[in-house]
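What follows is a short report on a single structure.
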Amino acid sequence: MNYEKLIASSVSSVEPSGIRKFFDIANELKDVISMSVGEPDFVTPWNIRQSAINSIQMGETHYTSNSGTPRIRSLIKQYLSERFNVHYEPDQMLVTVGASEALDLAFRALIDPGDEVLIPAPSYVSYEPSVLFAHGVPVPIVTREEDDFVIRKENIEKTITEKTKIIVVPYPNNPTGAILSEEDIIDIQEIALKYDLIVIADEIYAELTYGRRHRSVAEGFEDRTILINGFSKAFAMTGWRLGYAAGPKPFINAMLKIHQYTMLCAPIMSQRAGEEALSNEMNKDYSQIAEMLRSYNKRRVFLVDSFRRLGYSCYEPRGAFYVFPNITASGLTSEEFCKRLLLEYHVACVPGTAFGKNGEGFIRCSYATSYENIQEAVRRIERFTGTLK
C-alpha cells in the first residue's frame, strides 16, 4: 500500500517545523545550550501550581463547560480591560488548549477554500501551515530589518486581492521581537475597514515589552478582531496548555462548534491554575510579571550588544524574548550557520528560514534561558565566528 499517496495533500505538502528539527538534534548531543525553543526558564510560580494540586485533591477531574469555567472567563474579561483597555464579555470568550488551538479554530471557522490570509513574514512557524490545513491561501507580507520588521501600510495594500479575508497581526513578533506603534495600529485598522478584513491578533507576548506598554490592535476594534492570548509566556505556564480567544460572538460561536466536537474543553486543573495566575497578578499589581520582565531585559541587552560586538547587525527587539541577528557577514546561509554552530560548538539556534523564505540571512536566538547560559553561549558563538574569518 502506498501510504504517502493516501495522505491529504494539504498535510503532505507542509514541511516539518524548522524549530523542532534543531531541537531534536540538540537533544541527541551533550552539553548543548539551547536558545532554540521559546519556553521560559522560569518555573510556574508555586501559588499557581498549588491551585492545580488543590483542584486534583478536591476531585475536580471532570469536564468543564466547553467555553471554559465562568470564573476564568470573568477574570480574562477583567484582565483584558484593565491591562489593555480591550473589552469583551465572557460569552465572547473561548478557553482553549493553548493559544495554538485558538489560532487553529479561528482559521478553520473562518476560511473557505481559496480564501487568502495575509501573514507578516517572517513570523511564527504555525500560521502558514494552519492556513493550509484549513484549505486557505497564506499570503506573506514581507517585513524588513530597515523597517523594524513592521508591516507597512503600502506593503499590506499591495498584497490585498478580492480573495483576501483575514490579516494576521502577530505583535510582539516571534521571531523578530518587533512591536507596533500607535500609528501602525491605526493603519492596520483603517485597512481592515477599507477592505472588509477580519483581524486575528496573536498577542501571546503582550506582557513582554521593553520601554513601553503593549497596545492591542483590538483596542476600540473589538467588533472586527479575534484576540488570541494565553498563559504560557507571561505566566511561565507552557506545559499547562492554556490559551483563549476573544472576539465577536458569531466568530467565537463558530470556533466553539469545532472545539465542542474535537477538544471538548481545556483541562480543569489548568483552568484552575489560570484562575489563580490572573487573580494573583491583578491583586499584586502584576509584580511577578514585572520581575520576570526585568530579568529578560538584562538578557536582551546583553545578547544584542554581543552580536553587534561580533560584527553582526542586530535589530533591537522591543518585545517577546528573541533576538534576530543578521548573519550574512558570516558568508553562511542561515541553515549552515545554525547547523555548524550546533554540531561544532553545541549552541542551538533556529535558522531564519524556519519562519519564511525572507528569513534567510538571519537566525533566531531565544533569551528565555538563564543569563549564565546566554553568557556561555556567546563565548561559544565568538569562538565559532572566529573560525569563519
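Counting from 1, one number per residue, gives the positions in the sequence shown under this note's numbering.
Where is the CB? At the ideal position from N, CA and C, for every residue including glycine.
These numbers were taken from a predicted model, which means no experiment stands behind them.
Reference residue i, options the options, closest by Cα
i	options	result
Ala-178	Glu-190, Asp-187, Gln-189 and Glu-145	Glu-145
Ala-170	Ile-381, Asp-147, Asn-229 and Ala-273	In the sequence as displayed, the identity of residue 170 is Pro instead of Ala. Of the listed residues, the one whose Cα sits closest to Pro-170 is Asn-229.
Lys-30	Tyr-345, Ala-368, Gly-352 and Tyr-312	Tyr-345
Glu-219	Met-35, Arg-272, Gln-189 and Ser-13	Gln-189
Gly-319	Asp-148, Phe-251, Lys-339 and Ile-327	Asp-148
Pro-317	Arg-309, Leu-310, Ile-327 and Tyr-296	Tyr-296
Phe-302	Lys-158, Pro-90 and Val-378	Val-378
Ile-160	Asp-184, Val-117, Ser-130 and Ile-185	Val-117
Thr-369	Lys-194, Glu-101, His-259 and Ala-236	Ala-236
Ile-141	Ile-374, Ile-33 and Gly-356	Gly-356
Ser-130	Leu-264, Ser-12 and Met-1	Ser-12
Leu-264	Glu-15, Asp-41 and Glu-101	Glu-101
Asp-91	Phe-84, Arg-71, Arg-83 and Leu-197	Arg-71
Gln-375	Gly-386, Leu-197, Lys-158 and Val-304	Val-304
Glu-182	Lys-194, Val-217 and Lys-158	Val-217
Gly-311	His-259, Gly-359, Gly-386 and Asn-373	Gly-386
Asp-112	Tyr-286, Lys-158, Lys-163 and His-259	Lys-163
Arg-83	Cys-338, Tyr-286 and Asn-373	Tyr-286
Beta-carbon proximity of residue i to residue j, cut-off 8 Å
i	j	result
Ile-119	Val-150	no
Arg-224	Ala-192	yes
Lys-165	Leu-208	no
Ala-391	Ile-200	Within the shown structure, residues of the chain are numbered from 1 to 389, placing residue 391 beyond reach of any answer.
Pro-175	Phe-384	no
Thr-238	Glu-39	yes
Ser-123	Leu-103	no
Tyr-371	Lys-284	no
Ser-55	Arg-308	no
Classification of residue i by the beta-carbon crowding that lies within 10 angstroms, buried from 16 upward
i	result
Tyr-205	buried
Leu-242	buried
Gln-288	buried
Gly-59	exposed
Arg-108	buried
Asn-173	buried
Leu-227	buried
Pro-351	buried
Ala-234	buried
Gly-68	buried
Ser-36	buried
Tyr-3	exposed
Arg-294	exposed
Glu-203	buried
Ile-252	buried
Lys-194	exposed
Ile-198	buried
Residue i versus residue j: straight-line alpha-carbon distance, rounded
i	j	result
Ser-51	Tyr-63	17 Å
Ser-81	His-87	5 Å
Ile-156	Met-93	28 Å
Pro-248	Tyr-261	21 Å
Phe-221	Lys-257	24 Å
Phe-133	Arg-215	30 Å
Arg-380	Gly-114	47 Å
Trp-240	Lys-389	45 Å
Tyr-210	Lys-5	49 Å
Leu-75	Glu-275	7 Å
Ala-329	Thr-96	43 Å
Ala-121	Thr-143	6 Å
Tyr-367	Arg-300	7 Å
Ser-9	Glu-128	15 Å
Ser-313	Asn-326	5 Å
Lys-153	Asp-184	8 Å
Leu-343	Val-137	36 Å
Met-255	Arg-73	16 Å
Glu-15	Met-1	23 Å
Val-168	Pro-250	19 Å
Tyr-322	Ile-186	26 Å
Ala-348	Ile-33	6 Å
Ala-354	Ala-245	26 Å
Arg-426	Tyr-315	With the chain covering 1 to 389 only, the question about residue 426 has no answer from this structure.
Arg-49	Tyr-79	20 Å
Phe-231	Glu-291	16 Å
Lys-77	Asp-196	26 Å
Ile-7	His-135	15 Å
Lys-158	Glu-89	35 Å
Gly-359	Ile-53	43 Å
Ser-306	Asn-85	37 Å
(message) Under 8 Å, with one C-beta from each stretch per pair, do the stretch 261 to 275 and the stretch 63 to 78 reach the 3-pair mark?
(response) yes
(message) Check whether the stretch 275 to 285 and the stretch 39 to 56 touch, using three or more Cβ-Cβ pairs below 8 Å as the test.
(response) yes
(message) Is it the case that the stretch 334 to 350 contacts the stretch 363 to 376, given that we only count it when at least three CB pairs across the two stretches are under 8 Å?
(response) yes
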